[in-house]
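Counting along the sequence shown from 1, when you hit position 12 you're at 13 in the working numbering, and nothing is skipped either side.
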Amino acid sequence: TLADLITATPSELTDLPWVNHVSRRWEPEPLRWLGMNAGLRAMSIADPEEQVTNRQSVLAKAMGPLLGGH
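Dropping the structure here:
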């Protein structure tokens, strides 16, 4: 129970494997995937806007520094 955890009293409940379980650190690969796909999606939205307006999209301006643009 919570009282056992607070008082650090061992019990059958506090010895369960999911009590005070520490998960592994999340690998960075999902973050790379998320960043790449967000950049691709942003540019796919910006391209049609630029074709219609004949000027650089606000979204493309914002993403430029993140993608190594000038």
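Don't be surprised by glycine CBs; every beta carbon is placed ideally from N, CA and C.
- Distance between Gly-40 and Pro-18, taken at the CA atoms: about 40 Å.
- The beta-carbon distance between Ala-61 and Met-44, rounded to whole angstroms, is 7 Å. This is short enough to meet the 8 Å contact definition.
- In the three-state reduction of the DSSP assignment, Thr-15 falls in the coil class, being assigned neither a helical nor a strand state.
- By the criterion of a C-beta distance shorter than 8 Å, Leu-14 is surrounded in its chain by Thr-2, Asp-5, Val-20, once the five residues flanking it on both sides are discounted.
- Counting along the chain, no alpha helix (DSSP H) covers Val-23, and no H or E run does either.
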